[in-house]
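**Student:** For the protein sequence lines, the chains are A and B, in the order given. Number 525 in the working numbering belongs to position 525 of the first sequence; there are no gaps in the numbering. So the mapping is simple: the working numbering equals the position in the second sequence, first residue as 1, plus 579. Every residue, glycine too, gets a C-beta built ideally from N, C-alpha and C. Before we start, here is the structure in question, set down as structure tokens.
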Amino acid sequence: MTRAVVLTTVIAFGFLAVILRLGDLMLWNHERLSLKAESQYTKEAEIAVRRGVIYDRRGRELALNLDVDSLYSDPSKVKDPSGAARELSSLTGIDYPDLVKKVSEPGRHFVWIKRKLGEREACALRKVLDKSAFGFVTEPKRFYPQGVLASHILGYVDMDNKARAGVESMYDSVLSNKGGKVALEKDASGRVLSQGVQLESKGDNIVLTIDEGLQYIAETALDDCMRKWHAEAATVIMMDPYTGDILAMANRPTFDPNAPGKSSPNALRNRAIMDLYEPGSVFKIVMGSAAIEDNVLRPGERFDCTRGYIIVGGRRYSDVERNGWLTLGQIIQKSSNVGTIQVAMRLGPERLYEYAKKFGFGEKTGIDLPSEAKGRIEKPKNFSATTLASTAIGYEVAVTPIQILRAYSAVANGGLLPTPHIVSEVRTPDGTLIKRFTYPLKRAISGRTAEKMRQIFAEVTEEGGTATKADVDGNHVSGKTGTARLYDPKTHRYSNEYMSTFVGFVPSDRPRIAMIVVVKGAKGAIYGGVVAGPVFSQIAEQAFAYMNVPRDDAIKNNLVMLEDDGRDGTGKAPGWNRN
Amino acid sequence: MSPLEGPRKPDKLLILYTALLVGFGMLMIYSSTSVVTTVLVKKQATSSLYYFKRHFATLVLSLVMAAIAYRIKPDYLGKYSPVLLVVSLFLLMLVFTRLGITAGGARRWIKLWPSTFQPSELVKLSMVIFLSWYLSRDYFREDSFLISMAPVGLMGVFQVIFLRQPDFGAAATLACITIGLLFLANVRLKYLSALLLVLLPVAYKLIQEPYRWKRVTSFLNPWGDAQGSGFQLVQSFIALGRGGLTGVGLGRSMQKLSFLPEMHTDFIFSIVGEELGFLAASGVVIVFGLLFARGVQIANRMEEKFYYLMAYGISLMISLQALVNFAVVSGLLPTKGLPLPFLSYGGSSLLVNLIAIGILLRLSRGEAPVEKKDRLTEAIERRKAKRAVYGGGL
């Protein structure tokens, strides 16, 4: 029986080998394998967040959430993929081949057919679909009730409610607060085993400085302007010059944040803060302020502008029309390039650069919106023969509309450079205030200089100024026009298109709003005073009506009643019975 | 001890070991399937006891069949073993008919109301009985190449079918059992080594088939493709590794939550290791070892060569399956579908192995060979005599 002994020994050794191997795996490698195990039992789960609501400054909803149905399919249970796809295609408008592919995907149990269906669509689908193979999930869909209104400010979200632009993106962490990821215990097919983990949360709400009414006024005025001048693009920003609160900000072309995919990238861009351009004459604020602040002029000094042109560094700079001998105020009022350049040459490169910096050009304003452009002003040591002259009249610099508006706000408020911002408060879902934002102001110029500049700008809209059409009935406007040729980066030449700007504040002596209007490529007229000025005027007039700002001459003409508590027994506001 | 004055009682230790394994198997099947029952059986399952109940039903049936096997005289088994083998072959062929069931890319089961049956399990036992019988015939001569190697040809027939299914695990076990029995029957070593030479090109061709080659490579380095071909083995390692010395606790396996495929059948041993640790796992190995030792002891008591070979063959069959299963689960052998006797969920395996135990218990009673020849044996002998007259015979 020796063979039996051999065979038995072999088998016995087999059992021994197994025990040794088990010792190796279970005792020696216990810790290493346990770690491997832990890592595969957990998965990161996305917490479903209902994004916070975005309100305007008066508590009107600009962005909210709707519960909508999304259609999914379990392809393993679709009996007749081509039939089902045909039906789906006719109801959802999705291409038939795509649908066939989706519903016949092997080995999958979940495919989205269409996310965020319309109500009618969902209703129709519910009636016809096979309930075992198709189902609906309720998802919060971001909804912007005002459509295109304030779209560039608000931004938009994608299918998965991920922020893509604007306030949505800048304040994503606030709006989707308590979102993010959490580690959950799971089994092999990913089913979650952990209990009691909060997988839904509400983001915090945001209150904007925007006023829906003013925004509407601004947007409407832009639409009118675009139609009137067949312009390529247009921008308006309205701001409280004392605080930096943006009251309205609009661009054309624009988009509907409810369906951003339908618009071109061009329309999605917030030109007010992202587009750099050579501003032209509105940049003369730097020359004027520097000249006054640094006292480089004799009182009543006049400059010779009779020839109508000046040649600097081999380049000829002309005025629109010949002027006589002009004071600083007249130079700005008539927007004389010849005069400006003469003053600038007295200031010199260093001082011009210093004041451009003081007004915040060449750096971000710090507005709480994503992708703000920084702009560019040349350093004095890099100045070419023409840079000083060009910079003084707003060429060879790149600025954004918001930078210009900020500079003019400083003149309006007595010399302080505000930080433009769009969000004023963060509140919890139940409305408790969490944070109110305050922004510092930085002195740009002295109050005395600001006051003088304010008076000069007031003359721009008066008889003899470049922007008589920017004035508002009943309230006086201070401002400045700018008309700049568009530089074509493709041909490296100036094209025949113009950027027409009007920037200013109103009422002139106690400003309530500062505003800039920029129109690109207007046809038929080019001058800032002609193209942008009336838009400014239209918006300001309607805004004052909306804001109940009294006319400058109101008290003089007895147009306003003095304060009255209204308790006249009728419970009605004073003046109710007047008409 | 003389066969005539044998204990006349079945071996108690053999019963004990088997009962331990079967009982422990019930426990582990419940533990490993109760949580995911609903997932595995989709909508049919209403209770966490789904698999447990089915296994229990199979167990009852298997015990009845084992009892019947115990009642049958071993000699009858030998005489009818060719019939048994033909029946096994027939059932095995049914796999390729409309009765066959394909699962996991292999045709291994046939429909047998109310359940399914895996004929390859029966083939193993039939082969043990038949070979024991054949190798103990008077005309068997271990020094005749043709006579001693004829079983290899027979095995070849089954091998072809197994590989067509394909069922590499069954093919390997059957080969081991056959060669083991030939070895025990004192077949010349040079014949046996010649057999190995013949097998070499076959083995080469097998590993050339991509999915088997993948299995081989994944077994050598399962971590290399832990999400693909090495997945099951890696999950098995993780299960065993988590267990440590004393395990994570009964019912607390994480790996059974669908991480480890086949956790209640071929890989139930991994769950044992995970939940109850090294002590329990090696305990199971030891019990199988004891079962084998007891089987060999019983075999050694046999004075009839047929009984001896059958007792040893059955012990060998059970131990080989267990060993291969342990080796696969712990990564010592390439992955192949082979259940762990008595513990794995799977009716055919439990049924056949318990019948085998039934036969072994009968042999352990140590009864004498039947003195009185039955009618069939007489008929066969008459025919043999006739052939001798006419110069026929082997």
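(1) Quick one: grab the DSSP three-state call for residue 770(B).
(2) If you draw a straight line from the C-alpha of residue 846(B) to the C-alpha of residue 734(B), how long is it?
(3) Use the C-beta contact count for residue 38(A): other C-beta atoms within 10 angstroms, 16 or more gives buried, fewer gives exposed.
(4) In three-state DSSP terms, what is residue 518(A)?
(5) Once the 5 residues before and after residue 406(A) are set aside, which same chain residues still bring their CB inside 7 angstroms of it?
(6) Please compile the residues from chain A whose C-beta is within a distance smaller than 8 angstroms of the C-beta of residue 546(B).
(7) Quick check on DSSP: helix, strand or coil for residue 116(A)?
(8) Is it true that the CB of residue 385(A) sits closer than 8 angstroms to the CB of residue 314(A)?
(9) Quick check: what's the CA-CA separation for residue 258(A) versus residue 169(A)?
(10) Can you confirm whether residue 622(B), when its beta carbon is compared against all beta carbons of chain A, has any partner nearer than 8 angstroms?
(11) Indicate whether at least one CB of chain B lies closer than 8 angstroms to the CB of residue 11(A).
(12) Output, in chain order, the set of chain B residues within a Cβ distance shorter than 7 angstroms of residue 14(A).
(13) Could you name the residues of the same chain whose beta carbon sits closer than 7 angstroms to that of residue 565(A), not counting the 5 residues immediately before and after it, in chain order?
(14) Consult DSSP for residue 421(A) and reduce its assignment to one of helix, strand or coil.
(15) Would you decide whether residue 782(B) is buried or exposed? Buried here means 16 or more other CB atoms lie within 10 Å of its CB.
(16) Is the region 232–239 of chain A close to the region 261–276 of chain A, with three or more CB pairs under 8 angstroms?
(17) Would you mind telling me which residues of chain B sit closer than 8 angstroms to residue 3(A), beta carbon to beta carbon, in chain order?
(18) Of all the CB atoms in chain A, is at least one closer than 8 angstroms to the CB of residue 893(B)?
(19) Taking 8 angstroms as the CB-CB cut-off, is residue 133(A) touching chain B?
(20) What is the DSSP secondary structure of residue 687(B), counted as helix, strand or coil?
(21) Does the pairing of the region 96–113 of chain A with the region 246–256 of chain A give three or more beta-carbon distances under 8 angstroms?
(22) I need the boundaries of the beta strand (DSSP E) containing residue 202(A), first residue and last residue.
(23) Count the other CB atoms, across all protein chains shown, that sit within 10 Å of the CB of residue 51(A); report buried if there are 16 or more and exposed otherwise.
(24) If the cut is a Cβ gap below 7 angstroms, which residues of chain B does residue 36(A) touch?
(25) Measuring alpha carbon to alpha carbon, tell me which of 372(A), 166(A), 349(A) and 140(A) ends up nearest residue 151(A).
(26) In whole angstroms, what is the alpha-carbon distance linking residue 763(B) and residue 757(B)?
(27) Pick out the complete alpha helix (DSSP H) segments inside the region 230–293 of chain A, 4 residues or longer, and give them in chain order.
(28) Excluding the 5 residues flanking residue 346(A) on each side, which residues of the same chain have their C-beta closer than 6 angstroms to its C-beta?
(29) Taking 7 angstroms as the line, does the beta carbon of residue 115(A) fall inside it for any heavy atom of the ligand COA?
(30) At a Cβ threshold of 8 angstroms, is residue 18(A) touching chain B?
(31) Taking residue 274(A) and residue 373(A) to be in contact with their CB atoms under 8 angstroms, please state how far apart those CB atoms are, rounded to whole angstroms.
(32) Spell out the partners DSSP gives residue 318(A) in its beta bridges.
(33) From the DSSP output, in three-state form, read off residue 72(A) for me.
(34) Select from the region 823–834 of chain B all residues with a C-beta closer than 8 angstroms to any C-beta belonging to chain A, and list them in chain order.
(35) Would you kindly work out how many angstroms separate the C-alpha atoms of residue 892(B) and residue 133(A), rounded to a whole number?
(36) Are residue 62(A) and residue 55(A) closer than 8 angstroms when you measure CB to CB?
**Tutor:** Judging by the given coordinates:
(1) The count along the second sequence starts at 1 and reaches residue 770(B) at position 191. Helix at residue 770(B).
(2) Looking up residue 846(B) in the second sequence gives position 267. Looking up residue 734(B) in the second sequence gives position 155. Answer to the nearest angstrom: the Cα atoms are 28 angstroms apart.
(3) Against the first sequence, residue 38(A) aligns to sequence position 38. Exposed, because fewer than 16 other Cβ atoms sit within 10 Å of the Cβ of residue 38(A).
(4) For this step, residue 518(A) is matched to residue 518 along the first sequence. Three-state result, residue 518(A): strand.
(5) Looking up residue 406(A) in the first sequence gives position 406. 360, 365, 417, 418 and 420, listed in sequence order.
(6) In this structure chain B extends from 580 to 973, so residue 546(B) is not present and cannot be described.
(7) Stepping through the first sequence from its first residue, residue 116(A) is reached at position 116. Three-state DSSP puts residue 116(A) in coil, outside helix and strand.
(8) Reading the first sequence from its first residue, position 314 is the one you call residue 314(A). Reading the first sequence from its first residue, position 385 is the one you call residue 385(A). Yes.
(9) Working through the first sequence from its first residue, we reach residue 258(A) at position 258. Working through the first sequence from its first residue, we reach residue 169(A) at position 169. If you draw a straight line from the Cα of residue 258(A) to the Cα of residue 169(A), it comes to about 15 angstroms.
(10) Taking the second sequence and counting its residues from 1, one reaches residue 622(B) at position 43. Confidence at residue 622(B) is low in this model, with a pLDDT of 48, below 50, so its placement is unreliable and the value that follows should be read with caution. So, not an interface residue.
(11) Translated into positions along the first sequence, residue 11(A) becomes position 11. Interface flag for residue 11(A) against chain B is set, since a Cβ pair is found closer than 8 angstroms.
(12) Taking the first sequence and counting its residues from 1, the one referred to as residue 14(A) is at position 14. Near residue 14(A) (Cβ distances below 7 angstroms), the residues of chain B are 902.
(13) Position 565 of the first sequence holds residue 565(A). Confidence is the limiting factor: at residue 565(A) the pLDDT is only 44, short of 50, which leaves the residue's position unreliable, though a coordinate-based value still follows. So no residue of the chain qualifies.
(14) Locating residue 421(A) in the first sequence gives position 421, counting from the first residue. Three-state result, residue 421(A): strand.
(15) Reading the second sequence from its first residue, position 203 is the one you call residue 782(B). For residue 782(B), the number of other beta carbons within 10 angstroms of its own is below 16, and it is reported as exposed.
(16) Three or more pairs of CB atoms, one per stretch, sit closer than 8 angstroms, so the region 232–239 of chain A contacts the region 261–276 of chain A.
(17) Position 3 of the first sequence, counting from 1, holds the residue named residue 3(A). Here the neighbours are 762, 763 and 765.
(18) The residue given as residue 893(B) occupies position 314 in the second sequence. No - not a single Cβ of chain A is within 8 angstroms of the one on residue 893(B).
(19) By one-based count along the first sequence, residue 133(A) stands at place 133. Under the Cβ criterion of 8 angstroms, residue 133(A) is not counted among the residues facing chain B.
(20) Residue mapping note: residue 687(B) aligns to position 108 of the second sequence, counting from 1. Looking at residue 687(B) - three-state DSSP - the assignment turns out to be strand.
(21) Short answer: they don't touch.
(22) The sequence position of residue 202(A) within the first sequence is 202, counting from 1. Segment 200–202, the beta strand (DSSP E) holding residue 202(A).
(23) In the first sequence, the residue the question calls residue 51(A) occupies position 51. So residue 51(A) counts as buried.
(24) Within the first sequence, residue 36(A) is the residue found at index 36, counting from 1. Within chain B, the residues near residue 36(A) are 817.
(25) By 1-based counting over the first sequence, the position of residue 151(A) is 151. Nearest option by C-alpha distance: 166(A).
(26) Taking the second sequence and counting its residues from 1, the one referred to as residue 763(B) is at position 184. Taking the second sequence and counting its residues from 1, the one referred to as residue 757(B) is at position 178. Spanning the two alpha carbons is a distance of roughly 10 angstroms.
(27) Here the runs fully enclosed are 265–268, 271–274 and 284–293.
(28) Position 346 of the first sequence, counting from 1, holds the residue named residue 346(A). For residue 346(A), same chain residues with a beta-carbon under 6 angstroms away, outside a window of 5 residues either side, are 296 in chain order.
(29) As presented, the structure is devoid of all ligands, the ligand COA included, so that no description of it is given.
(30) As a first step, residue 18(A) must be located in the first sequence, where it is residue number 18. At least one chain B Cβ lies under 8 angstroms of residue 18(A).
(31) In the first sequence, counting from the first residue as 1, residue 274(A) sits at position 274. In the first sequence, counting from the first residue as 1, residue 373(A) sits at position 373. The Cβ separation is near 5 angstroms, so the contact holds.
(32) Reading the first sequence from its first residue, position 318 is the one you call residue 318(A). Residue 318(A) pairs with 309(A).
(33) Counted from its first residue, the first sequence places residue 72(A) at position 72. Looking at residue 72(A) - three-state DSSP - the assignment turns out to be strand.
(34) Correct list: 823, 824, 833 and 834.
(35) Taking the second sequence and counting its residues from 1, the one referred to as residue 892(B) is at position 313. Taking the first sequence and counting its residues from 1, the one referred to as residue 133(A) is at position 133. Annotation: residue 892(B) to residue 133(A) spans about 53 angstroms, alpha carbon to alpha carbon.
(36) Within the first sequence, numbered from 1, the residue matching residue 62(A) stands at position 62. Within the first sequence, numbered from 1, the residue matching residue 55(A) stands at position 55. Against a cut-off of 8 angstroms, the Cβ pair of residue 55(A) and residue 62(A) comes out as a contact.
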